[in-house]
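Report on the following structure.
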Amino acid sequence: MISKNEAQKILYSLKIGVVPNTNLDILCVGRDKEIEEFNNCMNFVEKGNGTIKFITGTYGSGKSFLLNVIKQKALSRNFVVARIQVDKSLKFNKIEQIYYQVMSNLSIFNKKNDGTSFDEMFQLWLDNLKNIHDNKKSGEIINNVIEEINNYNSSFASVFKSFIKAKAKDNTDLCRSISAWIKGEKNIPTSVKKQFNVKSDIDKDNVMSIFKGFTKIVKLIGYSGLVILVDEIELIVNERSDIRRSAYENIRMLVDMVNDGELKEVMFIFAGTNELFENEEKGIKTYAALYNRLSSSYKDSSKKYRDLRKTIIKIDGLNVESIEKLTQKIMEIHTFYYNWKIPSSRETIKQYVKLSCSKFGDNITQANCREYLKKLIDILDIMEQNPGVDIFLKEVNDLIERRDNIDNDENDYDLYVEDYDIDDELIEL
Numbered sequence: 048m049i050s051k052n053e054a055q056k057i058l059y060s061l062k063i064g065v066v067p068n069t070n071l072d073i074l075c076v077g078r079d080k081e082i083e084e085f086n087n088c089m090n091f092v093e094k095g096n097g098t099i100k101f102i103t104g105t106y107g108s109g110k111s112f113l114l115n116v117i118k119q120k121a122l123s124r125n126f127v128v129a130r131i132q133v134d135k136s137l138k139f140n141k142i143e144q145i146y147y148q149v150m151s152n153l154s155i156f157n158k159k160n161d162g163t164s165f166d167e168m169f170q171l172w173l174d175n176l177k178n179i180h181d182n183k184k185s186g187e188i189i190n191n192v193i194e195e196i197n198n199y200n201s202s203f204a205s206v207f208k209s210f211i212k213a214k215a216k217d218n219t220d221l222c223r224s225i226s227a228w229i230k231g232e233k234n235i236p237t238s239v240k241k242q243f244n245v246k247s248d249i250d251k252d253n254v255m256s257i258f259k260g261f262t263k264i265v266k267l268i269g270y271s272g273l274v275i276l277v278d279e280i281e282l283i284v285n286e287r288s289d290i291r292r293s294a295y296e297n298i299r300m301l302v303d304m305v306n307d308g309e310l311k312e313v314m315f316i317f318a319g320t321n322e323l324f325e326n327e328e329k330g331i332k333t334y335a336a337l338y339n340r341l342s343s344s345y346k347d348s349s350k351k352y353r354d355l356r357k358t359i360i361k362i363d364g365l366n367v368e369s370i371e372k373l374t375q376k377i378m379e380i381h382t383f384y385y386n387w388k389i390p391s392s393r394e395t396i397k398q399y400v401k402l403s404c405s406k407f408g409d410n411i412t413q414a415n416c417r418e419y420l421k422k423l424i425d426i427l428d429i430m431e432q433n434p435g436v437d438i439f440l441k442e443v444n445d446l447i448e449r450r451d452n453i454d455n456d457e458n459d460y461d462l463y464v465e466d467y468d469i470d471d472e473l474i475e476l
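Plus 47 on top of the position in the sequence shown (first one is 1) and you've got this note's numbering.
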């Protein structure tokens, strides 16, 4: 059960129309099978493997929300998580740029702020080594990590060794410069780089060997692995043909490296609209090397069956049944926090949900859901502060009356589900 503080945060966020940044699993309905599959993927990564998945669906189907749920679950399982987004600054056509964004958006569990850095991660590790109270054993652990990194990139191993020494000497400036280099920054003076025995920057030629070394470090210092979430991948479609081709080639390379076992202890999850997969002129269908790797060999013409173990997972918007479950969860949180009992009958609430969602159609988008939940919190708040008032019943009666009075014109039909006016209701009270 959640705490009072967590309940308050959830209710406050929903009331102002934003998604809470904690306890997202409480609000996640209708995605049990998808969550189970991604948990299985995390189990696979924990055992030393790599995997890659794509989430696709229409705008508003909940792709970004699902990524956030996966992020929270991964963090709770002690994964290091990087959540990045394709935009004007990250077109996915330069692999070293992808690396930089990943290293700039790391998160670990139990951080007060949503984000961390290479420096902070390794400071925590070094602090834990100090607790061993055995310098010889701590030294052996550090040397083992350096040797493992050396198997991937000798320069990275040398830099990491310099980082440990700088930490031991409390050389904050040098630590900051080394951390910036590992992150992939380019503006480090040559004179400074000489201090940690490196000449070049991280570039397209050495970035993947360094990235492999980093994924190995993540595991060696006690984390379950690395999870990389990439949102709005469909924006690649809008780029020039040369940029698109390079971006698709980078994705193809990552797919191959994961499937061939070159990239281990890491999971990539890409999320994008159907356009990425269905656009005949600009989507991945134009790049056969990638399309052939992602397309399924079995085509289900009936589209009745789902195979969530495939690389591409297609999701739809929520349905009324899911909104009913979500409504029940929110009511439980509200009554728990304010310690009150909702006077409305279960049948009345069920009717309210059905009538309120009727304007949304078969697939309820995240925007629809946000609108619905914002109004739900408003109604619950008024009822809790005005004992004996049953706004759910009043809403049901009003909605039914409006529905019965409208004609068959689609524009008029939409009127019966117009937004609830809190001010008018307060006047009546």
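Glycine is no exception: its CB is placed at the ideal position from the N, C-alpha and C atoms.
All of these numbers come straight from a predicted model, not from anything done at the bench.
- [ ] Report the three-state DSSP secondary structure of Leu337 (helix, strand or coil).
- [x] Locating residue 337 in the sequence shown gives position 290, where the first residue counts as 1. Reduced to three states, the DSSP call for Leu337 is helix.
- [ ] Check the DSSP bridge columns for Val274 and list the partner residues they point to.
- [x] Here residue 274 refers to the residue found at position 227 when the sequence shown is read from its first residue. The partner list for Val274 (beta bridge, DSSP) reads Val128, Met314.
TODO: Could you pull the start and end residues of the beta strand (DSSP E) that Thr98 belongs to?
DONE: To locate residue 98, count along the sequence shown from 1; it is residue 51. Thr98 -> beta strand (DSSP E) spans 97–104.
Task: Cβ contact check for the segment 242–255 and the segment 96–108: 3 or more pairs under 8 Å - done: no
Task: Three-state class that DSSP yields for Thr237 in the structure shown - done: Walking along the sequence shown from the start, residue 237 turns up at place 190. Reduced to three states, the DSSP call for Thr237 is helix.
TODO: Would you kindly check if the distance between the Cβ of Asp72 and the Cβ of Glu510 is under 8 Å?
DONE: Residue 510 is absent from the structure shown; the chain starts at 48 and stops at 476.
Open item on the list: Suppose you measure from the CA of Asn285 to the CA of Phe139; what does that come to, to the nearest Å?
Closed with: Along the sequence shown, read from residue 1 onward, the residue named residue 285 stands at position 238. Along the sequence shown, read from residue 1 onward, the residue named residue 139 stands at position 92. Going by the C-alpha atoms only, they are around 12 Å apart.
Open item on the list: Check this for me: beta carbons of Tyr295 and Phe126, under 8 Å apart or not?
Closed with: Locating residue 295 in the sequence shown gives position 248, where the first residue counts as 1. Locating residue 126 in the sequence shown gives position 79, where the first residue counts as 1. Against a cut-off of 8 Å, the Cβ pair of Phe126 and Tyr295 comes out as no contact.
Open item on the list: Looking at chain D, is there any beta carbon in it that lies within less than 8 Å of the beta carbon of Leu365?
Closed with: Of the chains in the structure shown, none is chain D; there is only one protein chain.
Open item on the list: Considering only the alpha carbon of each residue, which of Gln375, Ser151, Thr412, Ile283 lies closest to Gly330?
Closed with: Here residue 330 refers to the residue found at position 283 when the sequence shown is read from its first residue. Checking every option, the nearest Cα to that of Gly330 belongs to Ile283.
- [ ] Would you tell me roughly how many angstroms separate the C-alpha atoms of Lys422 and Phe439, rounded to the nearest one?
- [x] The residue labelled residue 422 in the question sits at position 375 within the sequence shown. The residue labelled residue 439 in the question sits at position 392 within the sequence shown. Rounded to the nearest angstrom, the two C-alpha atoms are 11 Å apart.
TODO: Take the Cβ of Tyr352 as the centre, count every other Cβ of all protein chains shown within 10 Å, and call the residue buried at 16 or more, exposed below.
DONE: Against the sequence shown, residue 352 aligns to sequence position 305. Exposed, because fewer than 16 other Cβ atoms sit within 10 Å of the Cβ of Tyr352.
TODO: At 4 residues or longer, and completely inside the segment 149–217: list those alpha helix (DSSP H) runs for me, N to C.
DONE: 165–177, 182–197, 201–215
Task: According to DSSP, residues forming a beta bridge with Lys361 - done: As a first step, residue 361 must be located in the sequence shown, where it is residue number 314. Paired residues: Thr103.
- [ ] Whole angstroms is fine: what's the gap from Lys62's alpha carbon to Arg340's?
- [x] In the sequence shown, counting from the first residue as 1, residue 62 sits at position 15. In the sequence shown, counting from the first residue as 1, residue 340 sits at position 293. Going from the Cα of Lys62 to the Cα of Arg340 covers about 44 Å.
Task: Residues that Asp320 bridges to, as DSSP identifies them - done: By one-based count along the sequence shown, residue 320 stands at place 273. Note that residue 320 corresponds to Thr in the displayed sequence, not to Asp. Answer by DSSP bridge pairing, in chain order: Gly104.
Task: Through-space distance from Val239 to Trp228, alpha-carbon basis - done: Residue numbering aside, residue 228 sits at position 181 when the sequence shown is read from its first letter. Residue numbering aside, residue 239 sits at position 192 when the sequence shown is read from its first letter. So the alpha carbons of these two residues sit roughly 10 Å apart.
Task: Beta-carbon proximity of Ile377 to Cys404, cut-off 8 Å - done: Along the sequence shown, read from residue 1 onward, the residue named residue 377 stands at position 330. Along the sequence shown, read from residue 1 onward, the residue named residue 404 stands at position 357. No, these two residues do not count as a Cβ contact at 8 Å.
Open item on the list: Which of the three DSSP states is assigned to Ile63 in this structure?
Closed with: Residue mapping note: residue 63 aligns to position 16 of the sequence shown, counting from 1. It is coil, neither helix nor strand.
Task: 8 Å CB neighbourhood of Ile116 in its chain, flanking five on each side removed - done: Translated into positions along the sequence shown, residue 116 becomes position 69. In the sequence as presented, Ile is not what sits at residue 116; that position holds Val. Answer for Val116: Leu71, Asp72, Cys75, Arg78, Ile82, listed in chain order.
Open item on the list: Which of the three DSSP states is assigned to Leu355 in this structure?
Closed with: Counted from its first residue, the sequence shown places residue 355 at position 308. DSSP places Leu355 in coil when its eight states are reduced to three.
- [ ] Starting from Asn326, follow the alpha helix (DSSP H) in both directions and report where the run begins and ends.
- [x] Taking the first residue of the sequence shown as 1, we reach residue 326 at position 279. Asn326 -> no alpha helix (DSSP H), and no H or E assigned at all.
Task: Check: Ile316 C-beta below 7 Å from any heavy atom of the ligand PLP - done: Only the bare structure without any ligand can be found here, which leaves the ligand PLP out of the picture.
Open item on the list: Just to confirm the assignment, what range does the alpha helix (DSSP H) spanning Met378 have?
Closed with: On the sequence shown, position 331 is the one that residue 378 refers to. First-last of the alpha helix (DSSP H) with Met378: 367–385.
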